[in-house]
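Q: There's a structure below that I have some questions on.
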Amino acid sequence: MYIAVKLYGGYILKIGIFDSGLGGINILNSIINSNSPLFDDIFYVADTINVPYGNKDAEQLGYIVKNIISFLEEKGCDLIISACNTSSSTVLNKLKLNTLTPIIGTIEPTVSFIKETFHHKNLIILATKATIESKTFEKALSASDYDIYPVACPKLVDAIELKDPSLDIKDLIKSYLQININQDNPIGILLGCTHYPIIKDQINDAASKIFSNEITMLDPCEKIAIEALNLLPKNIITDKPKRIFIYDTFDINLLKKKIEYYFKFEKLNVYFEQILNITPLDELKISQPQY
């Protein structure tokens, strides 16, 4: 994929990233930690008013993502990352056809990452309900020699986002991992939602108590970041200070608290801003799901 950019002095190369909430921050973090000289600014949209995406139908999700892509294009982004397996596996391919801005999703890099790093039989895929129902990973890995165990985790994103105080992350993980699995082979657990690396240690701890097998946690966020950076033009090198602009569609102060709780952005220029009504589901003539 080729990205056409303006080749003149002072050009600022911008990356746009979006997710339903905190999950895409893992990919943003990986991009920052790469110390890449190929970009200047990152624009991150946390669409927390619509979290979780995994419980949305295709019409709702397509409408939401289309509006976010338009917002990031208005910001002048040269590359957009759909940092969400749900949107990447359900609506992204169709939306790519209607934009000139290059967009990368999470599925292809994740599949490549699995094939490159895990060479045993048992593969548990933890993901949202929508991603599991799409069978995207199973189809992409159908030619591989994996025994795949898809596991929908419909409440886990809500728990990570602190949306429902009654949800206990450890209890949820234990309930989702009650799987009859071949005990003779190592197990790979794919963190098939970009929110899940936030609780990777808790998932690993629960799995180690449930299964006697050797366990490998498969976190593809770094791979997704690398694949995205590989799409940027190599003929524009910048030494400008990196700037990160983080937007939230619900409560920017709450998002800031959650980011500070889970992540450390030290010595970076980070700006937070509230944005409203870029994903107004009430404009659709359909009912919204009740959680």
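Quick note on this note's numbering: the sequence shown kicks off at 460 and runs consecutively. C-beta: ideal position from N, C-alpha, C; glycine also. It should be emphasised that the depicted structure is a prediction, and the values quoted were computed from it without experimental measurement.
Helix, strand or coil for Asp630, going by three-state DSSP, please let me know.
A: Start at 1 with the first residue of the sequence shown, and residue 630 comes out as number 171. The answer is helix: DSSP assigns Asp630 an H, G or I state.
Q: Is the region 616 to 632 touching the region 551 to 562 in the sense that three or more CB pairs, one from each, lie closer than 8 Å?
A: The region 551 to 562 vs the region 616 to 632: no contact.
Q: In whole angstroms, give me the CA-to-CA distance for Ser603 and Ser571.
A: Residue mapping note: residue 603 aligns to position 144 of the sequence shown, counting from 1. Residue mapping note: residue 571 aligns to position 112 of the sequence shown, counting from 1. C-alpha separation (whole angstroms): 11 Å.
Q: State the Cα-Cα distance for the pair Tyr635 and Leu626, rounded to the nearest angstrom.
A: Position 176 of the sequence shown, counted from the first residue, corresponds to residue 635. Position 167 of the sequence shown, counted from the first residue, corresponds to residue 626. When rounded, the distance between both Cα atoms is 13 Å.
Q: Near Pro613, what residues of its chain come up, given a Cβ to Cβ distance below 6 Å and the 5 sequence neighbours on each side ignored?
A: Here the question's residue 613 lines up with position 154 in the sequence shown. So the list reads Lys588, once near-sequence residues are dropped.
Q: Look up Asp478 in the DSSP assignment and say whether it is helix, strand or coil.
A: In the sequence shown, residue 478 corresponds to position 19, counting from 1. Strand, per DSSP.
Q: Quick check: what's the CA-CA separation for Glu575 versus Ser489?
A: If you number the sequence shown from 1, residue 575 lands on position 116. If you number the sequence shown from 1, residue 489 lands on position 30. The alpha-carbon atoms of Glu575 and Ser489 are separated by roughly 19 Å.
Q: Return the first residue and the last residue of the alpha helix (DSSP H) that Glu719 is part of.
A: For the purposes of this step, residue 719 is taken as residue 260 along the sequence shown, with counting starting at 1. Residues 711 to 721.
Q: Helix, strand or coil for Asp604? Go by DSSP, reduced to three states.
A: Walking along the sequence shown from the start, residue 604 turns up at place 145. It is coil, neither helix nor strand.
Q: From the DSSP output, in three-state form, read off Phe502 for me.
A: If you number the sequence shown from 1, residue 502 lands on position 43. In the structure shown, Phe502 sits in a strand (DSSP, three-state: E or B).
Q: Is it true that the region 516 to 536 meets the region 648 to 660, where meeting means three or more beta-carbon pairs spaced less than 8 Å apart?
A: Result no; under three Cβ-Cβ pairs closer than 8 Å.
Q: Distance check for Lys553 and Leu735, CA to CA, integer angstroms please.
A: Along the sequence shown, read from residue 1 onward, the residue named residue 735 stands at position 276. Along the sequence shown, read from residue 1 onward, the residue named residue 553 stands at position 94. About 25 Å.
Q: Could you tell me the alpha carbon to alpha carbon distance between Ile584 and Phe704, rounded to whole angstroms?
A: Working through the sequence shown from its first residue, we reach residue 584 at position 125. Working through the sequence shown from its first residue, we reach residue 704 at position 245. Their backbone Cα atoms lie some 32 Å apart in a straight line.
Q: Could you check the C-alpha separation between Gln637 and Ile646 for me, to the nearest Å?
A: Mapped onto the sequence shown, residue 637 falls at position 178. Mapped onto the sequence shown, residue 646 falls at position 187. So the two alpha carbons sit approximately 14 Å from each other.
Q: Considering just the uninterrupted stretch of the alpha helix (DSSP H) at Gly521, what are its terminal residues?
A: Sequence index remark: in the sequence shown, residue 521 carries index 62 (1-based). Run containing Gly521: 517 to 533, per the alpha helix (DSSP H) assignment.
Q: Would you check if the distance between the CB atom of Gly482 and the CB atom of Ile540 is smaller than 9 Å?
A: The count along the sequence shown starts at 1 and reaches residue 482 at position 23. The count along the sequence shown starts at 1 and reaches residue 540 at position 81. Against a cut-off of 9 Å, the Cβ pair of Ile540 and Gly482 comes out as no contact.
Q: Could you check how far apart the C-beta atoms of Asp506 and Ile484 are, in whole angstroms? I think they sit under 8 Å.
A: Here residue 506 corresponds to residue number 47 of the sequence shown, with the count starting at 1. Here residue 484 corresponds to residue number 25 of the sequence shown, with the count starting at 1. Asp506 to Ile484, Cβ: 13 Å. No contact.
Q: In whole angstroms, what is the alpha-carbon distance linking Asp707 and His579?
A: Here residue 707 is taken as the residue at index 248 of the sequence shown, counted from 1. Here residue 579 is taken as the residue at index 120 of the sequence shown, counted from 1. When rounded, the distance between both Cα atoms is 40 Å.
Q: Ile486 to Pro656, Cα distance in whole Å?
A: The residue labelled residue 486 in the question sits at position 27 within the sequence shown. The residue labelled residue 656 in the question sits at position 197 within the sequence shown. Computed Cα separation, rounded: 10 Å.
Q: Over what stretch of residues does the alpha helix (DSSP H) that includes Gln661 continue unbroken?
A: By 1-based counting over the sequence shown, the position of residue 661 is 202. Its alpha helix (DSSP H) spans residues 659 to 669.
Q: So is Ser479 buried or exposed if we call it buried at 16+ other beta carbons inside 10 Å?
A: By one-based count along the sequence shown, residue 479 stands at place 20. Per the 10 Å Cβ criterion, buried.
Q: Given that a residue counts as buried once 16 or more other Cβ atoms are within 10 Å of its Cβ, and exposed if not, what is Ile696?
A: On the sequence shown, residue 696 is found 237 positions in, with the first residue counted as 1. Per the 10 Å Cβ criterion, exposed.
Q: Since Val510 and Val616 should fall inside the 8 Å C-beta cutoff, what is the C-beta to C-beta distance between them, to a whole number of angstroms?
A: Here residue 510 refers to the residue found at position 51 of the sequence shown. Here residue 616 refers to the residue found at position 157 of the sequence shown. That belief holds up - the Cβ atoms of Val510 and Val616 are roughly 6 Å apart, short of 8 Å.
Q: If distances are taken between C-alpha atoms only, which option among Leu740, Leu713, Leu727 comes closest to Lys700?
A: Indexing the sequence shown from 1 puts residue 700 at position 241. The amino acid occupying residue 700 in the given sequence is Pro; Lys does not appear at that position. The shortest Cα separation from Pro700 among Leu740, Leu713, Leu727 belongs to Leu727.
Q: Do Ile508 and Arg702 have their beta-carbon atoms positioned less than 9 Å apart in this structure?
A: Looking up residue 702 in the sequence shown gives position 243. Looking up residue 508 in the sequence shown gives position 49. Not a contact, by the Cβ cut-off of 9 Å.
Q: Quick check on Leu582: buried or exposed, where buried means 16 or more other Cβ atoms within 10 Å of its Cβ?
A: Locating residue 582 in the sequence shown gives position 123, where the first residue counts as 1. So Leu582 counts as buried.
Q: Using the three-state DSSP reduction, which class does Ile705 fall into: helix, strand or coil?
A: As a first step, residue 705 is located in the sequence shown; it is residue number 246 there, counting from the start. Strand, per DSSP.
Q: On the DSSP bridge assignment, give the partners of Phe731 in chain order.
A: Sequence index remark: in the sequence shown, residue 731 carries index 272 (1-based). Bridge partners of Phe731: Ile705.
Q: Rounded to the nearest angstrom, what separates Met460 and Asp606 at their Cα positions?
A: By one-based count along the sequence shown, residue 460 stands at place 1. By one-based count along the sequence shown, residue 606 stands at place 147. Because the pLDDT of Met460 is 37, which lies under 50, any placement of that residue in the model is unreliable, and the number read from its coordinates should be weighed accordingly. Going from the Cα of Met460 to the Cα of Asp606 covers about 33 Å.
Q: Secondary structure at Ile696, three-state DSSP: helix, strand or coil?
A: As a first step, residue 696 must be located in the sequence shown, where it is residue number 237. Residue state, collapsed to three classes: coil.
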